[in-house]
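Engineer: Quick one: the structure is below, questions incoming.
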Amino acid sequence: DETEQQGDFSRVNMGIHTALKILRSKIDLQHFCGYVTMLNPSSRHGNRKLSDASDGRGEAELASGSDVNGSTESFEMVIEETPMDSAAKQSLEVPTTELEWVPLELCFGIPLFSSELNQKVCRKIATHGLCRKESLQKLLHSSRKLSLQVLNFVHSFQEGVATLDQLHDAGSSSSLLQPFSADMGVPLPAKNLMFKEGVLSEWNGWSPSSVFFNHT
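Put into structure tokens, the structure is as follows:
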């Protein structure tokens, strides 16, 4: 909801994180369901998972689950708490900033590992009418578009293969969704990739620390 994408960043208001705003501009989260897990790799307050449960509208939900590498916090909306309980809880929290948190993973579908998160996501699916015919049609269109983008990304980083934009015109793009036949052989070797400081590039085999050292 737009109201949950306003205000200052905090543990209970992760939806306004800049990375999540960019994610919404790249993927049609309005008609998907799932959750985003956020990670604070520099925190010293233990190893716990923090998830931003979302039906695509940037809404935060509780996700309790297995530990992950790096310290995280349980991500929870406090809409069901009384003002006194909420104020008391916030007074005990250690202040945090947006720069301390990064998206760890985007998971589509209804989560099964947490009953509370499961109920929250299912409730939002019903609240926002994601099972209505109009919403499902938009979901189908967005799913096909996302599939083509993923296929194009994979092919563009394979040795000896041009991008799908060069191999197919827009009119034949739907053929990319057809399963590969056995006659096409095994997939070609993929290039090594590294995502560092917001830039995706080929990895030449050096360790990230070596790459960083050589650029300083």
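First residue of the sequence shown? That's 9 in the numbering used here, and the numbers climb one at a time after it.
Note that the Cβ used here is the ideal one computed from N, Cα and C, for glycine as well.
#1: Per DSSP, which one or two residues make a beta bridge with A198?
#2: Would you kindly work out how many angstroms separate the C-alpha atoms of G54 and R152, rounded to a whole number?
#3: Which of the three DSSP states is assigned to C130 in this structure?
#4: Going by the CB atoms, is the gap between L112 and P119 shorter than 8 Å?
#5: State the beta-bridge partners of C115 as determined by DSSP.
#6: Compare the Cα-Cα distances from M22 to each of I35, V44 and F40 and report the closest residue.
#7: Cβ atoms of H25 and E106: under 8 Å apart, would you say?
#8: Would you kindly check if the distance between the Cβ of D16 and the Cβ of S150 is under 8 Å?
#9: Please classify G42 as buried or exposed, where buried requires at least 16 other C-beta atoms within 10 Å of its C-beta.
#10: Which of the three DSSP states is assigned to N160 in this structure?
#11: What residues are listed by DSSP as bridge partners for S209?
#12: On the CB-based measure, 16 or more other CB atoms within 10 Å of its CB, does K199 come out buried or exposed?
#13: Alpha carbons only, please: which of L138, A134 and K132 is nearest the one belonging to H39?
#14: Please determine, among L144, G206, F165 and M46, the residue with the shortest C-alpha to C-alpha distance to R19.
#15: Closest by CA to T104, which one among S50, Q127 and F121?
#16: Name the DSSP bridge partner or partners of V20?
#17: Taking its Cβ as the centre, do 16 or more other Cβ atoms sit within 10 Å of K128, making it buried, or is it exposed?
Structural biologist: For this structure:
#1: Along the sequence shown, one-based indexing puts residue 198 at 190. Paired residues: Q166.
#2: For the purposes of this step, residue 54 is identified with residue 46 of the sequence shown, where counting begins at 1. For the purposes of this step, residue 152 is identified with residue 144 of the sequence shown, where counting begins at 1. Bear in mind that the predicted position of G54 carries a pLDDT of just 42, short of 50, making it unreliable; the figure below should be weighed with that in mind. Computed Cα separation, rounded: 40 Å.
#3: Residue 130 sits at position 122 when you count from the first residue of the sequence shown. It is helical.
#4: Here residue 119 refers to the residue found at position 111 when the sequence shown is read from its first residue. Here residue 112 refers to the residue found at position 104 when the sequence shown is read from its first residue. No, the Cβ-Cβ distance between P119 and L112 is not below 8 Å.
#5: Here residue 115 corresponds to residue number 107 of the sequence shown, with the count starting at 1. DSSP output for C115 lists Y43 as bridge partner(s).
#6: One-based indexing of the sequence shown puts residue 22 at position 14. Looking at the Cα atoms, V44 is the closest of the given residues.
#7: As a working note, residue 106 is residue 98 in the sequence shown. As a working note, residue 25 is residue 17 in the sequence shown. It is a contact, given that the beta carbons lie within the stated cut-off.
#8: Within the sequence shown, numbered from 1, the residue matching residue 150 stands at position 142. Within the sequence shown, numbered from 1, the residue matching residue 16 stands at position 8. Not closer than 8 Å, so no.
#9: Your numbering for residue 42 matches position 34 in the sequence shown. So G42 ends up on the buried side.
#10: Locating residue 160 in the sequence shown gives position 152, where the first residue counts as 1. The answer is helix: DSSP assigns N160 an H, G or I state.
#11: Translated into positions along the sequence shown, residue 209 becomes position 201. DSSP lists M202 as partners of S209.
#12: Taking the first residue of the sequence shown as position 1, residue 199 is located at position 191. Under this definition K199 is an exposed residue.
#13: To locate residue 39, count along the sequence shown from 1; it is residue 31. Ranking L138, A134 and K132 by Cα distance to H39 puts L138 first.
#14: Position 11 of the sequence shown, counted from the first residue, corresponds to residue 19. Considering only alpha carbons, the answer is M46.
#15: Looking up residue 104 in the sequence shown gives position 96. The option with the nearest alpha carbon to T104 is S50.
#16: Taking the first residue of the sequence shown as 1, we reach residue 20 at position 12. None; V20 has no bridge partner.
#17: Translated into the one-based positions of the sequence shown, residue 128 becomes position 120. Buried: at least 16 other Cβ atoms inside 10 Å.
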